[in-house]
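Asks:
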Amino acid sequence: MKEDRLAGGTLFECLRHKGHRRKANPYRRASASNIPHRTSISERPAEADGKRFGDWEMDLIIGKNGYQAILVLVERSTGYVILHRLKHGKKAKELALEVGRLLFAYRAEGVLTITTDNGSEFSQHQLITKALKGVTVYFTDPYSSWQKGLVEYSNKLIRQYIPKGSDFDEISPHKLMEIQKKLNARPRKKLDYSSPKCEFFKHFA
-13 MKEDRLAGGT
-3 LFECLRHKGH
7 RRKANPYRRA
17 SASNIPHRTS
27 ISERPAEADG
37 KRFGDWEMDL
47 IIGKNGYQAI
57 LVLVERSTGY
67 VILHRLKHGK
77 KAKELALEVG
87 RLLFAYRAEG
97 VLTITTDNGS
107 EFSQHQLITK
117 ALKGVTVYFT
127 DPYSSWQKGL
137 VEYSNKLIRQ
147 YIPKGSDFDE
157 ISPHKLMEIQ
167 KKLNARPRKK
177 LDYSSPKCEF
187 FKHFA
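In terms of our numbering, the sequence shown is residues -13 to 191.
1. So, Arg71 versus Phe154, is the Cβ gap smaller than 8 Å?
2. Considering Cα atoms alone, identify which of Arg87, Val60, Ile56 is closest to Gly75.
3. Which partner residues does Ala55 have in the DSSP bridge list?
4. Over what stretch of residues does the alpha helix (DSSP H) that includes Thr115 continue unbroken?
5. Per DSSP, Thr122 forms a beta bridge with which residues?
6. Expressed to the nearest angstrom, what Euclidean distance is found between the alpha-carbon atoms of Lys134 and Lys50?
7. Can you look up Glu33 in the DSSP assignment and give me helix, strand or coil?
8. Please decide whether Leu143 counts as near chain C, where near means a Cβ-Cβ distance under 8 Å.
9. Look at the Cβ atom of Leu136, then the Cβ atom of Arg62, and state whether they are nearer than 8 Å.
10. Ser140 and Val60: beta carbons closer than 8 Å?
11. So who's on the other strand from Asp41, going by DSSP bridges?
12. Tell me which residue opens and which closes the alpha helix (DSSP H) that Lys161 is part of.
13. Are the CB atoms of Thr115 and Glu43 within a distance shorter than 8 Å?
14. Does the distance from the CB of Gly86 to the CB of Leu113 come in under 8 Å?
15. Pull up the distance between the alpha-carbon of Asp103 and that of Ala32, whole angstroms please.
16. So, with DSSP's three-state summary, where would you put Arg87?
17. What are the boundary residues of the alpha helix (DSSP H) that includes Gly135?
18. Please report the distance separating the alpha-carbon of Ala171 from that of Phe187.
19. Mapping the DSSP letters down to three states, classify Ser180 as helix, strand or coil.
20. Can you tell me which residues form a DSSP beta bridge with Thr25?
21. Taking Leu143 as the reference, which of Glu29, Arg174, Asp41, Ala34 has the closest Cα?
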């Protein structure tokens, strides 16, 4: 085609992109490079397969302005969900401190691993490890959200109550807690139609 074009031909005009090739963006980099001391999911213990208790997934739901954020934590074996509105949006340090605070009560046996993606908002993961007495945060491969599929699924359930484009300033802490309660009270086929709340707290009875 290039030769045809150089020779003055018109065949190239029938092509969808008129013979032009899309140029790679030289500034696009895998976001994993933004995470210092990152531990890859490939190093996560085989036992963290979603069957044992204490393995978590972590993500954010973002508000309409791209700054507001709700932290989503899900325990993999029970599907138990924790939701928390982050006052400082996606700021990494504040996020890490909140994760440590929210999971602190369960740290002895209820938090063994945490898996998340490579967003820069998770770059202060070492603060989580420190707060939870050595719990490692594992990071999925770039552009592989399926490797934290449970929290992705949970986000879809949450979006039934908080549609995309919502203003989080209109969602009170009470309303967010009500959404969390509803999610954790839903019977799940995976749990033989028990609820995430029931199965989760069996481990702390």
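Glycine is no exception: its CB is placed at the ideal position from the N, C-alpha and C atoms. These numbers were taken from a predicted model, which means no experiment stands behind them.
Replies: In short, the structure shows the following:
1. Position 85 of the sequence shown, counted from the start, is the residue given in the question as residue 71. Position 168 of the sequence shown, counted from the start, is the residue given in the question as residue 154. For Arg71 and Phe154, yes; Cβs fall inside 8 Å.
2. Along the sequence shown, one-based indexing puts residue 75 at 89. That would be Ile56, whose Cα lies nearest to the Cα of Gly75.
3. As a working mapping, residue 55 is identified with position 69 in the sequence shown. DSSP, once it has assigned bridges, lists Ile48, Leu72 as partnering Ala55.
4. Along the sequence shown, read from residue 1 onward, the residue named residue 115 stands at position 129. Element bounds for Thr115: 111 to 117.
5. Residue mapping note: residue 122 aligns to position 136 of the sequence shown, counting from 1. Thr99, per the DSSP bridge assignment.
6. Counting from one through the sequence shown, the residue named residue 134 turns up at place 148. Counting from one through the sequence shown, the residue named residue 50 turns up at place 64. Distance between the alpha carbons of Lys134 and Lys50 is about 23 Å.
7. For the purposes of this step, residue 33 is taken as the residue at position 47 of the sequence shown. If DSSP states are grouped into helix, strand and coil, Glu33 belongs with coil.
8. Considering every chain present, this structure includes no chain C. It has just one protein chain.
9. Here residue 136 refers to the residue found at position 150 when the sequence shown is read from its first residue. Here residue 62 refers to the residue found at position 76 when the sequence shown is read from its first residue. Contact flag set, yes.
10. On the sequence shown, residue 140 is found 154 positions in, with the first residue counted as 1. On the sequence shown, residue 60 is found 74 positions in, with the first residue counted as 1. Yes, the pair counts as a contact, with Cβ atoms nearer than the cut-off.
11. As a working mapping, residue 41 is identified with position 55 in the sequence shown. Partner(s): Thr99.
12. Residue 161 sits at position 175 when you count from the first residue of the sequence shown. Unbroken alpha helix (DSSP H) run through Lys161: 159 to 171.
13. Start at 1 with the first residue of the sequence shown, and residue 43 comes out as number 57. Start at 1 with the first residue of the sequence shown, and residue 115 comes out as number 129. No. Outside cutoff.
14. Here the question's residue 86 lines up with position 100 in the sequence shown. Here the question's residue 113 lines up with position 127 in the sequence shown. Yes, Cβ-Cβ distance for Gly86 and Leu113 is below 8 Å.
15. If you number the sequence shown from 1, residue 103 lands on position 117. If you number the sequence shown from 1, residue 32 lands on position 46. Asp103 and Ala32 have their C-alpha atoms roughly 19 Å apart.
16. Your numbering for residue 87 matches position 101 in the sequence shown. It is helical.
17. Here the question's residue 135 lines up with position 149 in the sequence shown. Gly135 -> alpha helix (DSSP H) spans 135 to 144.
18. Numbered from 1 along the sequence shown, position 185 holds the residue referred to as residue 171. Numbered from 1 along the sequence shown, position 201 holds the residue referred to as residue 187. Cα-Cα distance, rounded: 12 Å.
19. Along the sequence shown, read from residue 1 onward, the residue named residue 180 stands at position 194. DSSP places Ser180 in strand when its eight states are reduced to three.
20. Your numbering for residue 25 matches position 39 in the sequence shown. In the DSSP assignment, Thr25 is bridged to Tyr124.
21. The residue you call residue 143 lines up with position 157 of the sequence shown. If we check each option's Cα against that of Leu143, Arg174 comes out closest.
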